[in-house]
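Participant:
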Amino acid sequence: MKIIHITASYKPAYIYGGPIQSVAKLCEVLEELRDQRLAVGNDAFKVQVFTTAANGTKELDVKTGIPVFIEGVPVTYFKRWTKDHSHFSPGLLWGLRKPFRQAQGDKIVLHIHAWWNLVSVLSCLVAKWYDIPVMLSPRGMLTAYTLGNRNSLSKRLFHKLLGKSLLKYCHIHATSEQEKADILSIIRPKSISVIPNLVSLPPEGENYDASGALSMELEAKRGNQSDDCFKLIFLSRIEEKKGLELLFKALSTIDISWRLTIAGSGEAQYLQSLKLLARELKLNDKIYWLGQISNHDKYTLIAAHDLLVLTSYNENFANVVVESLSVGTPVLISERVGLSDYVEDKAFGWITSLEMEEIQKNINTAYQNREKRQVIRNTAPLSIRRDFNDDTLAKQYLDFYKTL
Numbered sequence: 404m405k406i407i408h409i410t411a412s413y414k415p416a417y418i419y420g421g422p423i424q425s426v427a428k429l430c431e432v433l434e435e436l437r438d439q440r441l442a443v444g445n446d447a448f449k450v451q452v453f454t455t456a457a458n459g460t461k462e463l464d465v466k467t468g469i470p471v472f473i474e475g476v477p478v479t480y481f482k483r484w485t486k487d488h489s490h491f492s493p494g495l496l497w498g499l500r501k502p503f504r505q506a507q508g509d510k511i512v513l514h515i516h517a518w519w520n521l522v523s524v525l526s527c528l529v530a531k532w533y534d535i536p537v538m539l540s541p542r543g544m545l546t547a548y549t550l551g552n553r554n555s556l557s558k559r560l561f562h563k564l565l566g567k568s569l570l571k572y573c574h575i576h577a578t579s580e581q582e583k584a585d586i587l588s589i590i591r592p593k594s595i596s597v598i599p600n601l602v603s604l605p606p607e608g609e610n611y612d613a614s615g616a617l618s619m620e621l622e623a624k625r626g627n628q629s630d631d632c633f634k635l636i637f638l639s640r641i642e643e644k645k646g647l648e649l650l651f652k653a654l655s656t657i658d659i660s661w662r663l664t665i666a667g668s669g670e671a672q673y674l675q676s677l678k679l680l681a682r683e684l685k686l687n688d689k690i691y692w693l694g695q696i697s698n699h700d701k702y703t704l705i706a707a708h709d710l711l712v713l714t715s716y717n718e719n720f721a722n723v724v725v726e727s728l729s730v731g732t733p734v735l736i737s738e739r740v741g742l743s744d745y746v747e748d749k750a751f752g753w754i755t756s757l758e759m760e761e762i763q764k765n766i767n768t769a770y771q772n773r774e775k776r777q778v779i780r781n782t783a784p785l786s787i788r789r790d791f792n793d794d795t796l797a798k799q800y801l802d803f804y805k806t807l
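For reference, each letter of the sequence shown is one residue, going 404 to 807 in my numbering.
And the structure:
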């Protein structure tokens, strides 16, 4: 069996946030599982990635048109003709025809990641033409929120003319029960299964504290502050659906001593609008904008904070919730985040509506409940490693591929 992953962007295009990490992690763990099966004489499978050299408005400095190994995974980057979110790549589509035409009875599964871009949509069309089964991971792209946000008219028109028929051809993978419900409100695919994202966790047994260089630099910037200052962190791609405006407005009405660190990248115009709002609300001296940070610094930075906040309008999964809990930092997330059920069931944080008063109330509650925060810091890391075990999840993905 050959599993071909289709994604508009891939490592090291970290500018695109969590989805890049999830796709790469899945491919890497599948390769490890393949090696394990070969070592004991079991039936093997092959993993291959087709992607573009997309890196925002720029291109990755990579060889194109030939396979290269990225963390042990064979990846073929293709040039794209359009540098917006459409990612039109004729070379990738032409390249897909070769394995499809040479299959000769060998099973091929096409695993497409994300939707609403020409790489995903046209790859699905090519697969349908050659009668190749498709597994689609929409990664939050098939929700009422997404349909109604950004180019909503063109999305709805495309969905009616072509998208709906292609989606009905797919077997869909959702990362949470919430995403599954969102998808089923829009389309009825051939099948749908829920499997969590694979998330890269920090090395087991490593002690994360505020001694990291980035954390110490941040503390120096903060200057003198009381010991009971509530340290909040937002770490994600900065875009409208993350609900930072709601968070800012809620924080502007809170009396406790707090500081908010914002780590991540986003479009310059939107970032400027957020900074303007922060000035209008007189929050300038309490918010620290770090920009994009490395994976190496991420865990130490999260561990140096008291609470991770994510008041998103819509989030199919949210890798950062798992990352935060893996180092023991509690979370405050909206009820529209895919992992809200998990956090609530495990009592690993606070779930809020998107009402400003509710966000404010939950931040205050989290601040006051030091005992609960300490329990989470002590117990969450072990639970995360058990519940999001790489091997267990990879085998679930492999079982799904086999059913197609």
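We put the CB at the ideal spot given by N, CA and C, even for glycine.
Note the first and the last residue of the continuous alpha helix (DSSP H) segment covering G498.
Facilitator: The residue given as residue 498 occupies position 95 in the sequence shown. Counting along the chain, the alpha helix (DSSP H) containing G498 begins and ends at 493-504.
Participant: With a 10 Å radius around its C-beta and 16 neighbouring C-beta atoms as the bar for buried, classify L441 as buried or exposed.
Facilitator: One-based indexing of the sequence shown puts residue 441 at position 38. Under this definition L441 is an exposed residue.
Participant: Please report the distance separating the alpha-carbon of M544 from that of T578.
Facilitator: Residue numbering aside, residue 544 sits at position 141 when the sequence shown is read from its first letter. Residue numbering aside, residue 578 sits at position 175 when the sequence shown is read from its first letter. Distance between the alpha carbons of M544 and T578 is about 12 angstroms.
Participant: Using a 10 Å radius around the Cβ and a threshold of 16 neighbouring Cβ atoms, would you call I659 buried or exposed?
Facilitator: The residue labelled residue 659 in the question sits at position 256 within the sequence shown. Exposed, since its Cβ has fewer than 16 Cβ neighbours within 10 Å.
Participant: If you follow the alpha helix (DSSP H) that M404 is part of, which residue opens it and which one closes it?
Facilitator: Your numbering for residue 404 matches position 1 in the sequence shown. That residue, M404, is in no alpha helix (DSSP H); it is neither H nor E in DSSP.
Participant: State the beta-bridge partners of S540 as determined by DSSP.
Facilitator: If you number the sequence shown from 1, residue 540 lands on position 137. Its beta-bridge partners are H516.
Participant: Which word fits G741, buried or exposed, when buried means at least 16 other C-beta atoms lie within 10 angstroms of its C-beta?
Facilitator: Indexing the sequence shown from 1 puts residue 741 at position 338. Buried, by the Cβ-count rule.
Participant: According to DSSP, is H490 helix, strand or coil?
Facilitator: Locating residue 490 in the sequence shown gives position 87, where the first residue counts as 1. Coil.
Participant: Opposite F481 in the DSSP bridges: which residues?
Facilitator: Working through the sequence shown from its first residue, we reach residue 481 at position 78. Looking at the DSSP assignment, F481 forms a beta bridge with T455.
Participant: My guess is that G646 and S737 are in contact by the Cβ rule of under 8 angstroms, so how many angstroms apart are they, rounded?
Facilitator: Counted from its first residue, the sequence shown places residue 646 at position 243. Counted from its first residue, the sequence shown places residue 737 at position 334. That pair is a contact at about 7 angstroms.
Participant: Using a 10 Å radius around the Cβ and a threshold of 16 neighbouring Cβ atoms, would you call Q424 buried or exposed?
Facilitator: Locating residue 424 in the sequence shown gives position 21, counting from the first residue. Buried: at least 16 other Cβ atoms inside 10 Å.
Participant: According to DSSP, is A616 part of a helix, a strand, or is it coil?
Facilitator: As a position in the sequence shown, residue 616 is number 213, starting the count at 1. Residue placement at A616 cannot be trusted, given a pLDDT of 48 that sits under 50; what the coordinates show is reported in the next sentence. Note: A616 maps to helix in three-state DSSP.
Participant: I need the boundaries of the beta strand (DSSP E) containing A577, first residue and last residue.
Facilitator: One-based indexing of the sequence shown puts residue 577 at position 174. Segment 574-577, the beta strand (DSSP E) holding A577.
Participant: I need the DSSP call for P784, collapsed to helix, strand or coil.
Facilitator: For the purposes of this step, residue 784 is identified with residue 381 of the sequence shown, where counting begins at 1. Reduced to three states, the DSSP call for P784 is helix.
Participant: In chain order, what residues of the same chain have a beta carbon less than 8 angstroms from the beta carbon of S655, not counting five sequence neighbours either side?
Facilitator: As a first step, residue 655 is located in the sequence shown; it is residue number 252 there, counting from the start. So the list reads L684, K685, L686, once near-sequence residues are dropped.
Participant: Roughly how many angstroms separate the alpha carbons of S729 and F448, rounded to a whole number?
Facilitator: Taking the first residue of the sequence shown as 1, we reach residue 729 at position 326. Taking the first residue of the sequence shown as 1, we reach residue 448 at position 45. In a straight line, the C-alpha of S729 is about 31 angstroms away from that of F448.
Participant: Can you find the residues in the same chain that come closer than 7 angstroms, C-beta to C-beta, to A616, ignoring five residues on each side of it along the sequence?
Facilitator: Along the sequence shown, read from residue 1 onward, the residue named residue 616 stands at position 213. For A616, the pLDDT reaches just 48, beneath the cut-off of 50, and the residue's location in the model is therefore unreliable, leaving the point undetermined.
Participant: Return the chain-ordered list of same chain residues with a C-beta closer than 8 angstroms to the C-beta of K466, the five sequence neighbours on each side being excluded.
Facilitator: Counting from one through the sequence shown, the residue named residue 466 turns up at place 63. Within the same chain, K466 has close Cβ partners Y480.
Participant: In whole angstroms, give me the CA-to-CA distance for I779 and A750.
Facilitator: As a first step, residue 779 is located in the sequence shown; it is residue number 376 there, counting from the start. As a first step, residue 750 is located in the sequence shown; it is residue number 347 there, counting from the start. One C-alpha to the other measures close to 8 angstroms.
Participant: Nearest CA to the CA of A457: which residue from L704, A783, S489?
Facilitator: On the sequence shown, position 54 is the one that residue 457 refers to. It is S489 whose Cα lies nearest to the Cα of A457.
Participant: Please report how far the alpha carbon of G508 lies from the alpha carbon of V723, in whole angstroms.
Facilitator: Taking the sequence shown and counting its residues from 1, the one referred to as residue 508 is at position 105. Taking the sequence shown and counting its residues from 1, the one referred to as residue 723 is at position 320. Rounded to whole angstroms, G508 to V723 spans 41 angstroms at the Cα level.
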